[in-house]
Every structure is written in C-alpha cells, then in structure tokens.
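Report on the structure given below.
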Amino acid sequence: MLDRLQALGHIGLEGLSALGRSGSLLAHVLIARPRPMVMFPLLLKQIYFVGVLSLVIILVSGTFIGMVLGLQGYTILVSYGSEQAVGQMVALSLVRELGPVVTALLFAGRAGSALTAEIGLMKATEQLSSLEMIGVDPYRRIIAPRFWAGFICLPILAAIFSTVGVWGGALVSIDWLGIYEGSFWANMQQSVDFYDDVLNGLIKSVVFGFVVTWVAVYQGYDCVPTSEGISQATTRTVVYASLWVLGLDFILTALMFGDF
Amino acid sequence: MRTRVVEISVGGFMLTGILALILLALNVSGLKVSDSGSSYRVLARFENIGGLAPRAKVTLSGVQIGQVKSIEIDERMLMAVVAMDINSSVDYLSRDSSAQILTAGLLGEQYIGITPGADDEMLEDGDALENTQSALVLENLVSKFLFNKVSE
Numbered sequence: 000m001l002d003r004l005q006a007l008g009h010i011g012l013e014g015l016s017a018l019g020r021s022g023s024l025l026a027h028v029l030i031a032r033p034r035p036m037v038m039f040p041l042l043l044k045q046i047y048f049v050g051v052l053s054l055v056i057i058l059v060s061g062t063f064i065g066m067v068l069g070l071q072g073y074t075i076l077v078s079y080g081s082e083q084a085v086g087q088m089v090a091l092s093l094v095r096e097l098g099p100v101v102t103a104l105l106f107a108g109r110a111g112s113a114l115t116a117e118i119g120l121m122k123a124t125e126q127l128s129s130l131e132m133i134g135v136d137p138y139r140r141i142i143a144p145r146f147w148a149g150f151i152c153l154p155i156l157a158a159i160f161s162t163v164g165v166w167g168g169a170l171v172s173i174d175w176l177g178i179y180e181g182s183f184w185a186n187m188q189q190s191v192d193f194y195d196d197v198l199n200g201l202i203k204s205v206v207f208g209f210v211v212t213w214v215a216v217y218q219g220y221d222c223v224p225t226s227e228g229i230s231q232a233t234t235r236t237v238v239y240a241s242l243w244v245l246g247l248d249f250i251l252t253a254l255m256f257g258d259f
Numbered sequence: 000m001r002t003r004v005v006e007i008s009v010g011g012f013m014l015t016g017i018l019a020l021i022l023l024a025l026n027v028s029g030l031k032v033s034d035s036g037s038s039y040r041v042l043a044r045f046e047n048i049g050g051l052a053p054r055a056k057v058t059l060s061g062v063q064i065g066q067v068k069s070i071e072i073d074e075r076m077l078m079a080v081v082a083m084d085i086n087s088s089v090d091y092l093s094r095d096s097s098a099q100i101l102t103a104g105l106l107g108e109q110y111i112g113i114t115p116g117a118d119d120e121m122l123e124d125g126d127a128l129e130n131t132q133s134a135l136v137l138e139n140l141v142s143k144f145l146f147n148k149v150s151e
C-alpha cells in the first residue's frame, strides 16, 4: 500500500520536475539575447531544414485532403440537392480545422522527430557539453534557432496547406463532379470571413508551432543520452506533440467559434 | 554556393507562404481591399427576417450592390430593423424603393433584393425603406396551405 503511494508520489514529482525543466528551457530560449549577425544564418539554415524540406509532404497531403473533402462533401450534399455548398464546406473545414491541425501533426512527425533526434544525438555524443566548455551557449547556438524556425515555419506551412487543399477541392468538384464554377467560389466567398476564419486558423497554427517545437526541443535536450533514450525521446515527441495539438485545438475552437 | 541555395529556397518558401495567405484572403474569403469607407447606410423594417444574417448580400436585379451590416429589433414597433451598407457608386435608388427578403435556391442562404421605385429623390445615408416584404417562412406557408385545404 505504502509502496503504491510512493510510486504515485514519484510519478507526480517526475511530472512536476519535467514541467519545470521544460519551462526553464523555454525561458532560456525566449530570454536568450539575440545576436542578429550570428543568429540569422543559423535560423535560415534551420528554416530550410524544418520548413522548405517539409514542403513536399505538405503539398501532397494538402491536395489529397482537399480532393477527399470535395468528394465526400459532394456525396453527402447531393442528397439534399445543395451540392453547390461543397465549396463552402471544403474551405471552412480546411481553413478553420484541417489546415492548422493536420499540418501540425505532419510537422510533428516530419520535423519534430528530426529535431529531437538531432539534439538528442548531440547530447549523447557530448557535443552540447563541449560547446559549453569552449564558452558557447548551447541554448543560443543550438536550441533557439531550431525553436524559432519551427515557430515561424508552421503558420506558413498551414497557409500553404489550406490553399493547396482548396485548390484540390476545386479540382475535384468543378472539373470532375461538374459543379458550376461560379456558385462554387461565390458560396465559398460568401461564407468564409477573413478575420473570423482565416486569421483564427492562422492564430491556431501559431500556437501549434509554438507547442510542437517546444515539445520537440525539450525532449531532445532532456533525453537520456543513450541510443535507447534517443529513440524513446523521438517517440515521445511525436506522441506528446500530437496529443497537445489535438487537445489545444479543442480549447482554441471552443474559444474562437463557441458562443461564450 | 551552398548557402546561396539555402537562402534562395528559404526566400521562396516564405514568399509561397505569404502568397498562400493572400490567396486565402482574396480568393477564398472574398476580402475586398478597396471596398471600405465607400458605402452609405440604409435602414429597412421587416416583420420577419427569417434566416437573414449579417454579411448577407443586398442585390439589385440580382447583382450585389452591398451587404447587411446589422440586424436589431425595434422595441417600440416590435419589428426587425436591418441596416444595409450600399456601395456609394449605386446612387440611383429612389426613395420609394422596396426591399424584399429572398432565398437563393430552395434551401440556400437568404439575401435582400431591392426593387427601385419611381420617385425623383434618391436614397441617402440614414434613410429608411418603407415598402418591405418579409421572408418566406416555410412553416407559415405549409400551415396556410393546410388551412385552405381544410376549409375547402
């Protein structure tokens, strides 16, 4: 009985100290005085790795999700005789929900895991400690550029995802299913509002970018410096980041689109 | 050389993102840049607005000339007061024009149709339309139809 209680206490303390460590990591990253001349090339390189190289998966999955939405929406709406509304459905679900969320999930799998593995391996091979030995702040040199790169890239990727998805949906519904082009776009423009829908979706993706890269960077920095530890940390990055994204998405949706 | 490739592709990436956002704004949400400030406000009282909502379009002969700004209730007359913003380029609506709530398609969204009158004076900012026709409410229509059937 007492052993069980002790185990529970242990889990609680572990969780609290992990929260503290991740918080202090975030504080270090945010406070780290930026030196533009040093920071900028590093940031550029990370944006290349995290953003530009993620473009292909974002473009392909965006197109296909848009196409599937068009197809599914059509088969449902056609039974109510209002298949012109498919443009509205595709655009609203992409801009509000699927754009930010699916991009964040793909980003966690494609870029987040890579960030964790890279930082974890640096820790395991003691590159981080050697940097400290020669007087270079690893937070400023390694962690901060990666964090900001993820933070910057995710909103851009989400905007690209939504745009490509709308294009995919238009492709299917106009060219394939034969919905009249004018009513497709008119319905969409009537119902999608720039501030309520597009900007709120963008805010969502900013929040997701913050959380996903925070989790990825923290898991890498905090991992057990063995090959097994790195593999566990990578898995944890994908799992935790996805859970955070889905949970936060519900809260943000309730705040933005709920009636309170 | 290597840095050049990285920098160019990052530049292209950011440009694509901005372009995507602009496309979303202009093409998907129909945001208009030049539209602000060039409209005048017209009020209309309706007995029943049905499913009319703010941002619904205001049309003349089916062409959009403005949009519904707000819908409130007049506490004294117990009617709905609809405020519409009509583009200032449309300055040829006479004062006795009438407003009608129409439905796009069988189950589509509702909008306001303006029918011009014959008066010489034109509508100005803050004017109210006197002739209005309420929205068609399906339940009322059905009950009227049933009532007629029974009385036959």
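So the protein sequences, as listed, match chains V and L. To convert, note that position 85 of the first sequence is 84 in numbering that gives the first Met the number 0; the numbers rise steadily by one, no gaps. To convert, note that position 69 of the second sequence is 68 in numbering that gives the first Met the number 0; the numbers rise steadily by one, no gaps. Backbone N, C-alpha and C fix where the C-beta goes; we use that ideal spot for every residue, glycine too.
Per-residue DSSP class, three states only, for residue i
i	result
L:M76	coil
V:T102	helix
V:D136	coil
V:G219	helix
L:E151	coil
V:D195	helix
L:V81	strand
V:S129	helix
L:T131	strand
L:L91	The displayed chain sequence assigns Tyr, not Leu, to residue 91 of chain L. L:Y91 falls in the coil class under three-state DSSP.
L:N86	strand
V:G80	coil
L:S28	coil
L:R44	strand
L:G65	strand
V:A90	helix
V:V50	In the sequence under discussion, the amino acid at residue 50 of chain V is Gly, which differs from the Val named in the question. In this structure, V:G50 counts as coil in the three-state DSSP scheme.
L:D126	coil
V:A31	coil
V:G167	helix
V:M255	helix
V:G61	helix
V:G149	helix
Candidates the options: closest to residue i by CA position
i	options	result
V:Y138	V:S21, V:D2, V:L15, V:G11	V:S21
L:V81	L:R75, L:G61, L:E71	L:E71
V:L70	V:I173, V:S190, V:I155, V:A17	V:I173
V:Y179	V:I142, V:Y217, V:E82	V:E82
V:T124	V:V77, V:S226, V:D248	V:S226
V:V205	V:A158, V:R235, V:A215, V:L43	V:A158
L:A79	L:N47, L:L140, L:S88, L:S96	L:N47
L:V136	L:L23, L:N130, L:L18, L:L51	L:L51
L:L20	V:F256, V:M132, V:L201	V:L201
V:M121	V:A90, V:V77, V:V223	V:V223
L:D126	L:D95, L:R75, L:A117, L:T58	L:D95
V:I141	V:F183, V:M66, V:V37, V:D195	V:V37
V:D221	V:G14, V:G8, V:A185	V:G14
V:G257	V:M88, V:D195, V:L245	V:D195
V:G111	V:D248, V:T233, V:F249, V:F193	V:T233
L:R152	L:F144, L:E151, L:S28	A question about residue 152 of chain L goes unanswered here, because the residues of chain L that appear run from 0 up to 151.
DSSP bridge partner residues for residue i (one or two, in chain order)
i	result
V:G181	According to DSSP, which records beta bridges pairwise, V:G181 is partnered with nothing at all.
L:G112	L:T58, L:Q99
L:E71	L:V80
L:G16	L:G16 pairs with nothing; no bridge assigned.
L:Y39	L:I85
L:M121	L:S93
Rounded Cβ spacing between residue i and residue j (contact assumed at less than 8 Å)
i	j	result
V:G167	V:T62	4 Å
V:S53	V:V101	Not quite, the Cβ-Cβ distance comes to about 12 Å (not below 8 Å), so this is no contact.
L:Q109	L:G61	No, L:Q109 and L:G61 are not in contact; Cβ-Cβ is about 14 Å, not under 8 Å.
V:A31	V:A143	5 Å
V:V214	V:L24	V:V214 to V:L24, Cβ: 11 Å. No contact.
V:G219	V:I118	3 Å
V:T212	V:T115	The Cβ separation is near 10 Å, so there is no contact.
V:Q231	V:R145	That belief does not hold up - the Cβ atoms of V:Q231 and V:R145 are roughly 20 Å apart, past 8 Å.
V:A148	V:G50	7 Å
V:V165	V:L91	So it is not a contact: roughly 10 Å between Cβ atoms.
L:M83	L:I111	7 Å
V:F183	V:G72	Contact doesn't hold; Cβ gap of about 11 Å is too wide.
L:S152	V:Y47	Residue 152 of chain L lies beyond the residue range present for chain L, which begins at 0 and ends at 151; the question has no answer from this structure.
7 Å Cβ shell around residue i - same chain, five flanking residues per side excluded
i	result
L:N86	S37, S38, I64, G65
L:L92	I113, P115, M121, L122
L:V41	M83, I85, L122, D126, L128
V:L176	Y73
V:V171	M66, G69, L70
Own chain residues within Cβ distance below 6 Å of residue i, not counting five before or after
i	result
V:T203	One point to set straight first is that residue 203 of chain V is Lys, not Thr, in the sequence displayed. P99, L251, listed in sequence order.
V:M255	N199
L:N130	S97
V:L127	M121, P137
V:E96	none
V:H27	Y138
Own chain partners of residue i with C-beta closer than 8 Å, once the 5 adjacent residues on each side are dropped
i	result
V:I56	L105, R109
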